[in-house]
Each structure stands twice: as C-alpha cells, then as structure tokens.
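Peer 1: My structure is below; once you've seen it, I'll send some questions.
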Amino acid sequence: MPRKIDQSTLDEVGIEVDGDLSDSDDGGAQKRPNRRQAGGRGAARGRGRGKKPASEDEDEDEEDEDDAPRRRRGANNKKPTKKRGGGDDEDESEDDAPKRKRGGAANKKRGGKAQDSDDEDSGNEKGKKGRKGGGKKGGKEEEDSKGKKGDAKGKDKGKDKDDDKDKDKKKKKKKGDSSSDSNSNSDEEEESMSEGEMAQLMEEVEEKKKLIAIIRNKPWRMKRRLVLLREAQQFVDKFEGALGKGKGRKWYAYKVMMTKKWIKFQRDFENFRTACIPWERKIKEVESHFGSSVASYFIFLRWMYGMNLVLFGFTFGLVVIPEVLMGLPYGSIPRKTVPRPEQPTAQDYSVLMDFNGYCKYSVLFYGYYNDQRTIGLLKFRLPLSYLMVGIGTFGYSLMVVIRTMAKNADVGGGDGEEGEFTFAWKMFTSWDYLIGNAETADNKYASITTSFKESIVDEQENQKDENIHLRRFLRVLANFLITCSLGGSGYLIYFVVKRSQEFATRDDLSWYEKNELEIIMSLLGLVCPPLFETIAELEDYHPRIALKWQLGRIFALFLGNLYTFLFALFDEVNTKLLEEEGIKNASIWALKEYYANYSMMMNDSEATPPPMDPSDVIRGPCWETAVGIEFVKLTVSDIQVTYLTILIGDFARAVIVRFLNYCWCWDLEAGFPSYGEFDISGNVLGLVFNQGMIWMGAFFAPGLVGINVLRLLSSMYYQCWAVMATNVPHERVFKASKSNNFYMGLLLLILFLSLLPVVYTIMTLPPSFDCGPFSGKTKMFDVIMETIDLDLPAFMGTLFSYAANPGLIIPAVLLMVLAIYYLNSVSEAYQNSNMELKKKMQMARDEEKNRRNNTDSTNQVMKDLEDLLPNRSLAPPAPPEPEKKPEPEAKPTKTKPGAAGKGVNLQKDVALATPNPNARGPVRQPPGPRGPGPGPGPGQGRGRGRGPPPR
Amino acid sequence: MGNKQTTFTDEQLEAYQDCTFFTRKEVLSLHSRFRELAPHLVPLDYTNNPDIRVPLTLIVTMPELKENPFRDRIVETFSEDGQGNLSFNDFVDMFSALCETSPRELKNIYAFKIYDYNRDNFICKEDLTKTLNKLTKGELTPEEVTLVCDKAIEEADLDGDSKLSFADFENMISKAPDFLSNFHIRI
C-alpha cells in the first residue's frame, strides 16, 4: 500500500468523521461513544500527523502513561478470574459494566467538550481501551497491542521519551515490522509516524474483525453482543476501506462462508454415517429397558451381522454368482446332476429338508463346482477364486476380530480416566436435549435411572468388604466344583465317543445306543449351565464378572461338544476317502465297460460313442459336500432350536403367566414361574458357536454364509421383539463392560479352533476325484501352483520357489518372532510409563486436593484452637481473633484495596461481603487456587470471616 | 429486506448472523417460531426492536423443550430478567448457545448456569439433588440420591468445598465424551 495515498485517505476520513460527529453529537445513546471515539481519534490522527503542536503531545503522553498501568492492571485482574472461570465471570462482567459505562460516559463528556481539540484523542482512546479490555477479558494480545499503541503514540509526538522508543523498537522488531524502525530517528519523521499509525490502526482493525468473528462465542446477552458488534463493525468499515483492505473483506467473507459450509458438510456427513448404522433405535430401546448388558448382546449381534455381510459379499460375489452366470448349467455334467436312483425322491420335502436331492447338487455346496480352470468369456478362474475366498474368509475374519479387539482395548485404556467422573457425567451429560418425543423421553428417563442404578451397584460393590477369607475359600471351592464337573463331563463325552466307535461296528443297536452321543451331549448342555450358575452363587461376584465366568465355563463345556462333533466328522471323512478309492476304480471301469459295450454292439470301433447320461455315471461319495451338508444341517437345526426356545420358553411362558394369572391360586407374575430373564450368556455363546460353524462350513458349503446372514437378520428382529415383549429386566441390572472384548476373545478362540480343521483339510486331505473345483488334483492348494506356472511370468515362479525355500522361511519366522518380542517389550514399556503417568496424575490431583484441604484443615485446627480460647476464658473479645486470621491470607490476593484498608476497615469489608457470595467473588477470588473462604463443612457456610463457628 | 413483510432490516439480520450461529433463514424462522408462541404479543415487524417478552409458560410449550426436564431452567437462564420471560434477543440467544455449532466453552458456561438452580455460582448439593430428581423422575430412593450426589461431588470437586465451582464443572464436563452431542437443541 502506497503510504502517501493512505495518508491522504486517512486525512479525508478524519475530516469526514469530524463532520459526522458534529452532527451526531447529542446522540447520547450508549452505542454512540464508540463511533465518536473512532471518529474523533481518526480526526486526531489525521491532523496530528500533519501539524502537531508539541505541547499538546506532552499532555497526551502523560495521559497515556497514566492510562497504561491502569489498563494493564485491569487486564491482570481479569485474567485470573477468567481462568477461574465463568462462574464468577458473570460477576466480573457485571462488575465491569459500570466501569465501562463510566468510561463511555467519560468519553462522551470529553467528546462533547473537546471535539475539535486534539486532546480528546487520548481520552477517547482510553475509554475505548477500557471498554475493549472489559469485553476482551484482557487477553495477552490485547495488552501487547495496547502497549504498542501507547508507544507508537509516544514516538509520534515528540521523541522526548527515549525508553518508550526503546520499547517501541523492541516491539516492532518482535512484530517484524522493522522497516520503519530505523526511520523513526531519521528526519523522515512524518513517514514513520504514518507507518506507526498504520500498523496500529491495522492491528485495531484486525482486532475488531477478530471480535466480530468470535462474538458469537461470547457468553453475553444478545443485547450487549449486538451493541458491541455494531461498534466493531462500524469501526472496521470506516478504517478498513481507508487501509485499502476493502477487497480483502470479500475474500474473508467468502472464506468464512466456505469454512461454515465445510463444517456443516462434515456434520451432515457424520449424521448421515450414524444414520446408516442399522437398528440403533431398536438397541437403544432395549438398552433403556434392560440395561447395557442386554444391549451389549444386540450390539454384538449387529457387529456379527456386519462381518457376515462382508463374508457374504465375498463368497457370493466371487464364487457363487460367477458359477451361476458363467458355469455350466445344471444337468450338463455328472457332478451337477442328481443321480438316477435318487431322482424320484429328489424333490420330496423331507429329502430337501435334509439338504439332499436337488439341494445337494446345487450351487450351495462344494460338489457342484466344476474344475474347469477358467469359465465364461471373462476367463474367470473359479477354482483359484474358490480357494482364495475360502482362505480370505478366515483372513478377513481374523483381521476384523483383532482390529475390533484392539480398538476396544483402546477404549478400555481410557477407562481409568472414565472412572473419575462416572456420576458427575451421568448427572450432567446424560440427558439428550434433542429429545422431543414423549415416548423417547420416557425411555430416556428409564435408561438414565437404570444407568444410575447400575453405577450404584458398582459403587456398592466397591465399598463392600466383608469376610474376605470366607469369600476366598468359597471361590476356591466353587472353582474346584466346577473343574470337577467339567472334567466329569469331559470324561463322559470321551467315554461315549469311544463307545460309539465301538457301536459303529455293530448292527444290532437299540434306539438309545444309536443316539447315545447326541443324548448325552444335549443332557450335558441342559444340566451344566444351571449347575454352574448355582455354584457361581457361592462366589458372590459382581454380576458382570460372574457373567464372564459363566461364559468361560459354558464355553469350555461346549468345546467338548464341538470337538466330539469334529472327531466324528473326520472319522466319517476317512471312511469316505477309503470308499472313494474303490469307487474311483469302479467308475473308471464302468466307463470303460460302457465304451466297450457300445463298440461291441455297434461293431464299429471308429464311431465315437454318445456320452453317458450324466445321471448314470457312478460317482464317489464326495466327502466335502457331505461335510458341508453336516454343517448346514447343524446350523439350520440350531436356528430352529433357538427360535423355538424363544417361542416356547419365553413367549408361551409370558402368555401363560400373564393370562392365567387371573385365575390361579398364587401370583404367577411375582411367584414361581414369573417372566423369563434374557439369557445373555446363553445367547452370546450360541452366537459364537454358530459363527464357528459358519467358518468351518463355509469352505464346503458356500451357501452357508447366505443362510447365516438371513439368520442373523431375522434374529435381530425376532429377539428384539421377544426381549421387549416377554422378558423382564435382570434383577440386578448391571452395566456391560465398556469394551465387550470378552465376547471378541471367545470369538477369536472359536475362529482359531475352526481354522484348524479347515486348514488341515486343505493342506493334507486329497480332494474328491469327481466333484468340486479341485477335482483331479492331488491337493487343493495345487490350484495356486498351477496358476503360478501357467498365468504368471516365469520369473515369478522362480521367485515363489525361492520364497518357499526353508532357508528363507526359517529366518523370516525368526525375524517375526523377534519383532513380536520387540513390540511386546515396547508395549510393556509404554504400559509402564502409562501407569506411571496415571499415578502421577492421580497424585497431582490428590496433592491439589490436599493442598486445598490442608489449608482448610490447618484452618480447622486454628479454628479449634480459637474455639478453645474463648471457651477457656469465656470472654467475648474472642471474635476479632479469628477475624484476623484470614486477613493476611486474603490481603495479598487483593490488588491493593487501598493501603490504608487494614484492620477494622478490611474486617468490615469482609464481614459485609460474606453474606453475599456474588459480591464478594471478585474481591476474594485470588489468582491462586484458594476457594472463596472454604468452610470445612457445608453447615459452616462460607463465613470464615464471620467469626468462630457456633459450637 | 427481501421478505414480503419486512420483519428485520438487512442490518439486523446481518447482526444476528454475526452474533449467533444461525443463517438468515434460520433467524427468520426463529422469529416466526417466536411469534407462533404468542401471536397477539409479538409483532411481525421487528425493525424497531420492540421490547416484548414472552413468558416462560409459553416458551416451554415448544416441542424442542417440551420433554426436557430442565426446560424451566434453560429458559430462566437465558432470560434477561431471570424470571423466564424471553425477549426475542434472549430467544435467539438461547437457541444459538444450544445449537450444534456453538463451541464447547460457551456450552460449558450455559450448562453450568442451567444446573445452578439457586444461582449462587456454585453447584451445591441441593442443585444436584434437583437435577437428579428431574433426570430420574424421582425413581431413586432418597438414600440412592444422597449417595449419587455425594459421589458426584466427590468426583468433581477439586477444591474440597463440597460444591462445584465453575472451574470444577468445566474440568469435569470438558472430559465428558457425550456432552457436546447431548447438549444441543436442533431447531
């Protein structure tokens, strides 16, 4: 900006403003002074720059000097109060108001008196600054700029203040505005002055702008805001144009608008994202009635649904749909055709429900897929894709589970912090101000009450301390009993499995002997969980911890179940494999026979025989499909059992209890059957085990994932309905732990357990010779080798062969182990330091508390002493004694309340102030940590100054 | 001014936009909402800043506030006379402070004011009891209420005066995870 022009414009502005001022002189309203000040000041500046008599300048300087400390003090005063917070803020600002008014009034007077004299300049400045200080709460910046202003002025008007100039220099340097600095002493004084003025003005304009930008963040009444805003805007309007910043304004406005838009967009996006989370309201509803522990099950269910949806996407997108669209149609080859002997019954309902018949030879199962290397026009490598999806399912699940666990652990990390303010947060932040619906509000009330009750239970749990030895003994006993029963059931399962293997070789079996294994398993599953629950009563854990134990124990029991199932399955697979060998030969032989017969009958060895009807071909047992069917059957029966249990165990019971209660001898609702509680542990475990089945079976039955998605989806609605309609909240409502990592841990364990058999089959068992995408290969993973050999460039093959070299693998494994070790130790170190920091924080907090309390407690001691004194003497002159005590403490905190105000005066001051905490606030609130007269007890009031406690 | 009937001058609208977190349209809609509450009281023309106050009983019938257990306190806090009578300025002020975009510091201050029933600039035990009873509709037993209030003060009180000053309150609330998401009213 060219200075000369600026100067001229400034001059103009000044003159203009002057004219304006004279017009609106008697406006008198409170809003006015600012304008006038600004104008007056501008005028003064404009003129002062040109022709300033030195005498006036000195006057001004003195005034400035006078003002500066006052202002600064004001700022200082305000800072601590600000820090202390807005509680006293209001007082402060109210306190300020008169001051400000005074300042304004002063300005007005001055303005009226000396409108045309340059003298008014500083006066206006003062008023203005005073006001601004009040408004801005004396930020540091403010002070800085004020100081600068004063300095600049000092420099402008006669250079008789050397120290001022020095300061000025410093400041200027700090601001990097030093271009004019060297000029200040030179003969180009005019130039430098204008420079200084410019800078000062610009700064003020910037300040005002900042005020405009943040005025909405100030906790002021709207009226005041509007007034201040108008003032600031007028100021900016006037001088921004003068400073050649007019264009910047548009850009600024644009920028502000864009930031606003961006923030709004972000918020909208966030809202959209949260709106996309399904069942949020349903779960909230359940949570409000049943507490977070029941809700945690539904959240877990939703999470599972999400994960399964992704798995479903993979499986259907990469395997099932390509096969349906591009693969050979049904009936084209033997593996896609129902064999002739099965055809008559293939459409029977009972057969289909067993997943035989058409179901077995459908896209749902492994056997249907062809071993063609590529299918369709796109040359889609289906076998490779099949294997990759099978492995990818596990990879993805592992990744997701571990990631979620890590994230939850992160949340758990903040738990310590969270524990600090449980009740306070609940109290002040739990109500959702957005609620505008009566029903939602009722739910919210219920949920808040529930959560308070949960926290109270937690708290009481913490406070409980009875006979710890007895409790320990009982817990050990309970664990012993449970270990015994687990071991017993394990042995029982082992025994039964052995026996069933023995039975398998015999034919003359009774019904019981045939189904012994299943019966025993179901019995165990039926008897053990309630038994565990009963034993767990001994332990007397908090329900949340008890739930974990219960889950862990039932999990251990179910593991036996799972593994017997797996062993039985592998036995079956092995027999099938043996059988297959025979059939393979038979089938080849049959084919040869067929050709031989054909050529014999036709007597024409040249003619190619028509291909055998695909349904007539002898085929192997296809153990993969058999395994897949097993899993699908298991899943479906699981679904049926679960749903029926809910329908009968919960719904029918609820209906009976509800409606038979009118005509029954005792109170059914309160008495024996009552309504059911929601069985969290059973449901969670059911879900976890079901997921294990899905993981194991998905490789052999791609359709299983789809079934599972349907199941989870229906389960969500069904169980939500059932829990809301038929169940009652737990007797002891408890809060779910913040991170449901326990469920995740179970899931991870199941994932590993289900990974093992699948990987074992992929790596070791030979695939069936006539069904599935890997038929004809010795091992399933040969598909990968084939792809490397045929589809990738040769060097990749060599690369892979190098990579598979044990010489490379062993160091790689070693490296990984080392990395794990390293990371582990690092994390441990972090954990340690974390603990240390937490401890320190706690200590700091305690110290803070102690410090405050100590003054209190020492005070208490003092008071006791004081109490003793008058008691001993029974003399009235005691009261002044305690009065004196606070004096030395209170005094230094005051900012010179008049040096004379010692003894009685001050005493009176304090005594008068005490009844009204508001009035006393600003005076007594020191910058230090001391609260306003911390009475040791609430009964004592805050009246430390009021004399000895009445005792 | 572009409106059919001038409710505000352009300057007024600009000023409101600068002083609040609302857009021009929102300010206008706020005015119409305000007018709906008391059509006979509130004029359509606000260009000359009429000083008209709508009593608390009418304000709390707004659907945004109707279900709020602290509705009376909110309105009282934002009314200039402390009785719950709101001028349009107060009305705008209230929704601006409670709107989504207002910053945490501002909300802290107003939250403190709202929960400070007896306006002594401290949240003391009586305030807490009142808050709690409103939150739970008095479903907790007196013992539980006392327990919760004691615990809350114990947790948040830093200076050991067994009541919460603003500093205590701010320290506590600034760490609360869902204060911001819960403490706002959309209009």
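Residue numbers (numbering that gives the first Met the number 0), protein chains in the order written: chain V, 0 to 950; chain U, 0 to 186.
The C-beta atom is built at its ideal place from N, Cα and C for all residues, glycine as well.
1) What residues are listed by DSSP as bridge partners for L163/U?
2) Taking the continuous alpha helix (DSSP H) assigned at C952/V, which residues delimit it?
3) Going along the chain, which unbroken runs of the beta strand (DSSP E) with 3 or more residues stay wholly within the segment 328–366 of chain V?
4) Just grab the DSSP bridge partners of F379/V for me.
5) From the beta carbon of K150/U, is the nearest beta carbon of chain V less than 7 Å away?
6) How many angstroms separate the CA atom of L556/V from the CA atom of S488/V?
7) Does DSSP put R266/V in a helix, in a strand, or in coil?
8) Grab the span of the alpha helix (DSSP H) containing E627/V for me, first residue to last.
9) List, in chain order, every chain U residue whose beta-carbon is nearer than 7 Å to that of D431/V.
10) What would DSSP say about N107/U, mapped onto helix, strand or coil?
11) Name the two residues that bound the continuous alpha helix (DSSP H) containing L747/V.
12) Since V696/V and L686/V are thought to touch, with beta carbons under 8 Å apart, how far apart are those beta carbons, to the nearest angstrom?
13) Please report the distance separating the alpha-carbon of E196/V from that of A828/V.
14) Rounded to whole angstroms, what's the CA-CA distance from F90/U to S31/U? Just pull it up for me.
15) Using a Cβ-Cβ cut-off of less than 9 Å, list which residues of the segment 480–508 of chain V approach chain U; keep chain order.
16) Could you tell me the alpha carbon to alpha carbon distance between F741/V and A477/V, rounded to whole angstroms?
17) Can you list the residues of chain V that I51/U reaches, using a CB-CB cut of under 7 Å?
18) With which residues is L200/V paired in a DSSP beta bridge?
19) At which residues does the alpha helix (DSSP H) containing T19/U begin and terminate?
20) I need the DSSP call for E79/U, collapsed to helix, strand or coil.
21) Are T428/V and D177/U closer than 7 Å when you measure CB to CB?
22) Using a Cβ cut-off of 7 Å (strictly closer), state whether W250/V contacts chain U.
23) Got a sec: is the Cβ-Cβ distance from N660/V to anything in chain U below 7 Å?
24) Quick one: what's got a C-beta closer than 6 Å to H729/V's C-beta in the same chain, skipping five residues either side?
25) By the three-class DSSP mapping on this structure, what secondary structure does L85/U have?
26) Using 8 Å as the threshold, is the segment 778–797 of chain V in touch with the segment 751–762 of chain V, meaning 3 or more CB pairs across them?
27) With H, G and I counted as helix, E and B as strand and the rest as coil, what does DSSP make of V727/V?
28) Listed in chain order, which residues of the segment 80–91 of chain U have Cβ atoms closer than 7 Å to some Cβ of chain V?
29) Checking 7 Å against the spacing of the C-beta atoms, do A423/V and E99/U come in under that value?
30) To the nearest angstrom, report how far apart L711/V and R543/V are at their CA atoms.
31) Per DSSP, E676/V forms a beta bridge with which residues?
32) Assuming V318/V contacts S384/V under a Cβ cut-off of 8 Å, what Cβ separation, rounded to an integer in Å, is found between them?
33) Candidates Q342/V, V656/V, V626/V and D678/V: which alpha carbon is nearest A669/V's?
34) Identify the continuous alpha helix (DSSP H) that holds S521/V and give its terminal residues.
35) Let me know the secondary structure DSSP gives V704/V once reduced to three states.
Peer 2: Quick answer:
1) Taking the second sequence and counting its residues from 1, one reaches residue 163/U at position 164. Its beta-bridge partners are I122/U.
2) Since the first residue shown for chain V is 0 and the last is 950, residue 952/V is missing from the structure and cannot be characterised.
3) Whole beta strand (DSSP E) segments, 3+ residues: zero.
4) For the purposes of this step, residue 379/V is taken as the residue at position 380 of the first sequence. Looking at the DSSP assignment, F379/V forms a beta bridge with I374/V.
5) Here residue 150/U is taken as the residue at index 151 of the second sequence, counted from 1. Taking Cβ atoms only, chain V reaches closer than 7 Å to K150/U, which makes this a yes.
6) Residue mapping note: residue 556/V aligns to position 557 of the first sequence, counting from 1. Residue mapping note: residue 488/V aligns to position 489 of the first sequence, counting from 1. Take the alpha-carbon of L556/V and the one of S488/V: they are about 8 Å apart.
7) Position 267 of the first sequence, counting from 1, holds the residue named residue 266/V. Taken through DSSP and simplified to helix, strand or coil, R266/V comes out as helix.
8) Locating residue 627/V in the first sequence gives position 628, where the first residue counts as 1. Note that residue 627/V is Gly in the sequence shown here, rather than Glu. First-last of the alpha helix (DSSP H) with G627/V: W622 to T644.
9) As a working mapping, residue 431/V is identified with position 432 in the first sequence. For D431/V, the residues of chain U that pass the 7 Å Cβ criterion are N181, in the order they occur in the chain.
10) Here the question's residue 107/U lines up with position 108 in the second sequence. Under the three-state reduction of DSSP output, N107/U falls in the helix class.
11) Here residue 747/V corresponds to residue number 748 of the first sequence, with the count starting at 1. Going by DSSP, L747/V is part of the alpha helix (DSSP H) stretching over N740 to T763.
12) Walking along the first sequence from the start, residue 696/V turns up at place 697. Walking along the first sequence from the start, residue 686/V turns up at place 687. First, the amino acid is wrong: residue 696/V is Gly here, not Val. Not quite, the Cβ-Cβ distance comes to about 16 Å (not below 8 Å), so this is no contact.
13) The count along the first sequence starts at 1 and reaches residue 196/V at position 197. The count along the first sequence starts at 1 and reaches residue 828/V at position 829. For E196/V and A828/V, the distance between alpha carbons rounds to 58 Å.
14) Taking the first residue of the second sequence as position 1, residue 90/U is located at position 91. Taking the first residue of the second sequence as position 1, residue 31/U is located at position 32. Straight through space, the alpha carbons of S31/U and F90/U are spaced by roughly 12 Å.
15) Taking 9 Å as the upper bound on Cβ-Cβ separation, chain U lies near no residue of the segment 480–508 of chain V.
16) Position 742 of the first sequence, counted from the start, is the residue given in the question as residue 741/V. Position 478 of the first sequence, counted from the start, is the residue given in the question as residue 477/V. One Cα belongs to F741/V, the other to A477/V, and the distance between them is close to 21 Å.
17) Counting from one through the second sequence, the residue named residue 51/U turns up at place 52. Simply none; closest approach about 14 Å.
18) The residue labelled residue 200/V in the question sits at position 201 within the first sequence. Paired residue(s): none; L200/V is not in a bridge.
19) Translated into positions along the second sequence, residue 19/U becomes position 20. No alpha helix (DSSP H) contains T19/U, which DSSP labels as neither H nor E.
20) For the purposes of this step, residue 79/U is taken as the residue at position 80 of the second sequence. Under the three-state reduction of DSSP output, E79/U falls in the coil class, being neither helix nor strand.
21) On the first sequence, residue 428/V is found 429 positions in, with the first residue counted as 1. On the second sequence, residue 177/U is found 178 positions in, with the first residue counted as 1. In this structure, D177/U lies closer than 7 Å to T428/V by Cβ.
22) For this step, residue 250/V is matched to residue 251 along the first sequence. Among the CB atoms of chain U, none fall inside 7 Å of the CB of W250/V.
23) Taking the first sequence and counting its residues from 1, one reaches residue 660/V at position 661. No, N660/V lies away from the interface with chain U (no Cβ there is under 7 Å from its Cβ).
24) The sequence position of residue 729/V within the first sequence is 730, counting from 1. Taken in chain order, the residues that qualify are E676.
25) Taking the second sequence and counting its residues from 1, the one referred to as residue 85/U is at position 86. L85/U: strand per DSSP, three-state reduction.
26) The segment 778–797 of chain V is in contact with the segment 751–762 of chain V.
27) Here residue 727/V refers to the residue found at position 728 of the first sequence. It is a strand residue.
28) Residues of the segment 80–91 of chain U whose Cβ lies closer than 7 Å to any Cβ of chain V, in chain order: N88, D89 and V91.
29) Here residue 423/V corresponds to residue number 424 of the first sequence, with the count starting at 1. Here residue 99/U corresponds to residue number 100 of the second sequence, with the count starting at 1. No; because the gap between Cβ atoms is not below 7 Å, this pair is not in contact.
30) As a position in the first sequence, residue 711/V is number 712, starting the count at 1. As a position in the first sequence, residue 543/V is number 544, starting the count at 1. Looking at the two C-alpha atoms, the distance is approximately 25 Å.
31) The residue labelled residue 676/V in the question sits at position 677 within the first sequence. V727/V.
32) Here residue 318/V corresponds to residue number 319 of the first sequence, with the count starting at 1. Here residue 384/V corresponds to residue number 385 of the first sequence, with the count starting at 1. That belief holds up - the Cβ atoms of V318/V and S384/V are roughly 6 Å apart, short of 8 Å.
33) Residue 669/V sits at position 670 when you count from the first residue of the first sequence. If we check each option's Cα against that of A669/V, V656/V comes out closest.
34) The residue labelled residue 521/V in the question sits at position 522 within the first sequence. Counting along the chain, the alpha helix (DSSP H) containing S521/V begins and ends at E515 to E538.
35) Counting from one through the first sequence, the residue named residue 704/V turns up at place 705. Judged by DSSP in its simplified three-state form, V704/V adopts helix.
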